[in-house]
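The structure appears below as structure tokens.
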Amino acid sequence: MRVITVKKIQCSRTSQEEMVYTMSMAVLEIRKYPEKILKQKTAPVLTIDGKTQMLIDDMVETMRSVCGVGLAANQVGISQKLCIIDLSLRENKAPLIVLINPVIVEREGIVEADEGCLSVPGYLTSIKRAEKVYVRGVNREGKDVGIEAEGLLARAIQHELDHLDGLLFIDRMSPIKREFFKRRYKKQLKEVKGK
Ligand code: CO
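Oh and the sequence shown: position 118 is 117 in the numbering used here, straight run, nothing missing.
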């Protein structure tokens, strides 16, 4: 998930200390629509090991490098039920959230707002989502967690969990809007390739 309005803030949260720490991490390639991996349901994470920790660190680095607020593992080519959310660019002191095998167990209300996605660059559209959600999952330490969320966090959680189910936000648009989007996007891709 991406927040357009923060584009000009150049990830100022990255401190000197953090820079040194992140030197060992890698920025991964973000898969873009219409790549197939984004359409596939991800597999549950069975063991949380060193590889999982490294993937999480790399995902954090990747998300921050593009000022994103959320990233799902399949967006970096790993088809596993794991996502991260970090609203600290928008909300002061928002913690980094790591959700492994997350499930939304309760939803309440409906609210419509603009959404973008790192896998569908340059496109924003209004999407209806539940106003509040209760999500359960496992954190990076392997502990069970439950998060009650509303506002942007609720939206980010639903957006990232959709990714894990092989759904993009454009799949939640009306069929007419989606057709229009697809045509425009294909044209854009051709133009980029033609340059
Ligand atoms: Co997204």
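Ideal Cβ positions, reconstructed from N, Cα and C, are used throughout, including at glycine.
Can we count residue i as close to the ligand CO, meaning its CB is less than 6 Å from some heavy atom?
{"i": "residue 116", "result": "yes"}
Which residue from the options puts its Cα closest to that of residue i?
{"i": "residue 130", "options": "108, 139, 137", "result": "108"}
{"i": "residue 65", "options": "88, 142, 187, 186", "result": "88"}
{"i": "residue 29", "options": "59, 123, 193, 164", "result": "59"}
{"i": "residue 96", "options": "24, 73, 145, 33", "result": "145"}
{"i": "residue 74", "options": "120, 92, 126, 46", "result": "120"}
{"i": "residue 164", "options": "191, 35, 26", "result": "35"}
{"i": "residue 62", "options": "25, 79, 38", "result": "25"}
{"i": "residue 128", "options": "37, 153, 52, 189", "result": "153"}
Do you know offhand how far residue i's Cα is from residue j's?
{"i": "residue 159", "j": "residue 82", "result": "6 Å"}
{"i": "residue 114", "j": "residue 139", "result": "27 Å"}
{"i": "residue 169", "j": "residue 103", "result": "20 Å"}
{"i": "residue 174", "j": "residue 100", "result": "30 Å"}
{"i": "residue 178", "j": "residue 32", "result": "14 Å"}
{"i": "residue 151", "j": "residue 172", "result": "19 Å"}
{"i": "residue 157", "j": "residue 183", "result": "26 Å"}
{"i": "residue 91", "j": "residue 186", "result": "39 Å"}
{"i": "residue 45", "j": "residue 94", "result": "25 Å"}
{"i": "residue 122", "j": "residue 134", "result": "27 Å"}
{"i": "residue 57", "j": "residue 40", "result": "21 Å"}
{"i": "residue 193", "j": "residue 52", "result": "39 Å"}
Name the one or two DSSP bridge partners that residue i has.
{"i": "residue 133", "result": "105, 147"}
{"i": "residue 112", "result": "126"}
{"i": "residue 75", "result": "Paired residues: none, contrary to the question."}
Which whole-angstrom value is the C-beta distance of residue i and residue j, which I expect to be below 8 Å?
{"i": "residue 54", "j": "residue 72", "result": "7 Å"}
{"i": "residue 77", "j": "residue 141", "result": "In fact, because the Cβ distance is near 18 Å, the residues do not count as touching under 8 Å."}
{"i": "residue 70", "j": "residue 117", "result": "7 Å"}
{"i": "residue 98", "j": "residue 49", "result": "Rounded, the Cβ-Cβ distance is 19 Å, inconsistent with contact."}
{"i": "residue 68", "j": "residue 155", "result": "6 Å"}
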